[in-house]
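Heads up, the thing below is written out as structure tokens.
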Ligand code: ADP
Ligand code: ASP
Ligand code: MG
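Structure follows, in structure tokens:
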């Protein structure tokens, strides 16, 4: 039997009734002659609630216990989905990550998948089971502890299963009917894309478009998984949703294909740092050791041998970053006058493979922002993207202005 992977996100399994609706879709694919692997997220809002409880209990929490707590939401929906399918007379069984076992690295809260053995679940399919329901987002470390794959990680579970089981396709069911030119919740003019290239989706995801977890796109690209994003609320025809595919399978596209944003950024500046060889390593080494995900970096022109070093990181990592810098200073590894945290910034980015062959995208972007009176604090670029850090209060305005400036409401 051909195998299909179907992943249902939090809103698609938010209540027992929604689980029933999702199960009906699964039932249709079983009736079409598929063996199905269903990957479920936790009910909408559940993971946030669990994270909140961990943070309320412990400021610098033990990541192993964080994973033990936040992985639990998926256990509930996996069991409920299996029960719902059984009620529909479809032979189904649930698996938690460790039971598969989905083996990961030991990087708690950001673990990577190492191996997914297929023999156990394949044997069950051979015995007549029709649906394997697997709790997304979680796995087991070499030490035997529960791990999680980072926020949005159920997408990655789904793609990894599709690769391991050589599935016909991996369908990601969510609360929007595909990948849009920008978050449809931010811009009413956002347009659904029928297709998007892996590289573009990878950038959009890593720059904040949470419709797919970055790692899931990476895996799909590497293993050539046929990946589709579609709505679990609407009736999707065969051509519905968005296909994430290779660049050569896209006929026409705009120079810029999407605008992404990341709301919860922070900008930190170390003032009066000695401008000497090794200073960057002395600062960013301890930050990396403390688990701070540094994104953009700017070093100012040195004045009398002293310089300011600015970097951005997720806003919830500011306490960690401050602690790491204060400790490094106390140990005499670095010296600085002050550490200034600006926690009211956001990152807005434009992405498009067309940038490789078109000049002038950056200046067009800066002009559009300046026309709205938005000040740019930090800029970074790569081959197919340009990102700016701005005041958070202008984030939505910036997204809309850029969407207009690059004509994204119209197809190429
Ligand atoms: P799920 O719970 O199904 O995993 P997510 O909330 O993780 O769903 O992802 C879907 C959400 O991603 C949408 O509701 C939408 O607000 C957001 N999103 C951000 N950027 C985009 C985009 N470019 N296209 C579609 N959705 C986007
Ligand atoms: N429940 C997890 C989260 O909210 C994983 C997922 O939904 O993909 O991040
Ligand atoms: Mg998600």
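Residue numbers (the numbering used here): 1204 to 1615.
We put the CB at the ideal spot given by N, CA and C, even for glycine.
Residue pairing for residue 1584: DSSP places it in a beta bridge opposite 1589. Shown here, residue 1342 sits in a strand according to DSSP, grouped into three states. In the DSSP secondary-structure assignment, residue 1309 is not bridged to any residue.
As summarised for the region 1398-1459, the continuous beta strand (DSSP E) elements at least 3 residues long and confined to that stretch are 1398-1400, 1430-1434, 1445-1448, given in chain order.
The residue among 1595, 1273, 1367 with its C-alpha nearest the C-alpha of residue 1303 is 1367.
When the Cα atoms are used, residue 1209 and residue 1570 turn out to be separated by approximately 43 Å.
Burial check for residue 1333: the Cβ neighbour count within 10 Å reaches 16 or more, so the residue is buried. One Cα belongs to residue 1378, the other to residue 1463, and the distance between them is close to 18 Å. Residue 1222 is positioned such that its CB atom lies no closer than 8 Å to that of residue 1337. Here the C-alpha atom of residue 1312 lies approximately 18 Å from the C-alpha atom of residue 1421.
Those residues that have a beta carbon less than 6 Å away from any non-hydrogen atom of ligand 3 are, in order along the chain, 1212, 1355, 1358, 1413. If you look at residue 1270, you'll find it in the alpha helix (DSSP H) that goes 1266-1273.
In the same chain as residue 1426, and ignoring 5 residues on each side of it, the C-beta atoms closer than 6 Å to its own belong to 1366, in chain order. In this structure residue 1307 is in contact with residue 1344, their Cβ atoms being roughly 6 Å apart against a cut-off of 8 Å. Counting along the chain, residue 1207 sits inside the beta strand (DSSP E) bounded by residues 1206-1211. Distance between residue 1521 and residue 1498, taken at the CA atoms: about 13 Å. Across the structure, residue 1423 and residue 1472 are spaced so that their CA atoms are roughly 37 Å apart.
In terms of side-chain proximity, the C-beta atom of residue 1277 is found nearer than 7 Å to a non-hydrogen atom of ligand 2. In this structure, ligand 2 has a non-hydrogen atom nearer than 7 Å to the beta-carbon of residue 1244. In the DSSP assignment, residue 1351 falls within the unbroken beta strand (DSSP E) covering 1349-1351.
When the Cα atoms are used, residue 1539 and residue 1474 turn out to be separated by approximately 6 Å.
The Cβ atoms of residue 1246 and residue 1280 sit closer than 8 Å to each other. Just measuring C-alpha positions, the residue of 1264, 1578, 1249 sitting nearest residue 1597 is 1578. With a cut-off of 8 Å on Cβ pairs, the region 1371-1391 is not in contact with the region 1314-1331, counting fewer than three such pairs. In the DSSP annotation of this structure, residue 1387 is not part of any beta strand (DSSP E), being labelled neither H nor E. Between ligand 2 and the CB of residue 1364, the shortest heavy atom gap is not smaller than 7 Å.
Inclusion of residue 1250 in the 7 Å shell around ligand 2 follows from its C-beta lying nearer than that to a non-hydrogen atom of the ligand. Note that the C-beta distance between residue 1461 and residue 1384 is below 8 Å. The beta carbons of residue 1470 and residue 1510 sit no closer together than 8 Å. Contact between the region 1229-1236 and the region 1395-1414 is not established, with fewer than three Cβ pairs separated by less than 8 Å. Leaving aside the five residues that flank residue 1599 on each side, the residues in its chain whose CB is nearer than 6 Å to its CB run, in chain order, 1389. The alpha carbon of residue 1501 has as its nearest neighbour, out of 1483, 1381, 1518, 1533, the alpha carbon of 1483. When DSSP assignments are scanned along the region 1453-1497, the uninterrupted stretches of beta strand (DSSP E) that are 3 or more residues long and fall wholly within it turn out to be 1461-1477. For residue 1347, the shortest C-beta to heavy atom distance toward ligand 2 is 7 Å or greater.
When DSSP states are grouped into helix, strand and coil, residue 1297 belongs to the strand group. The Cβ atoms of residue 1355 and residue 1289 do not sit closer than 8 Å to each other.
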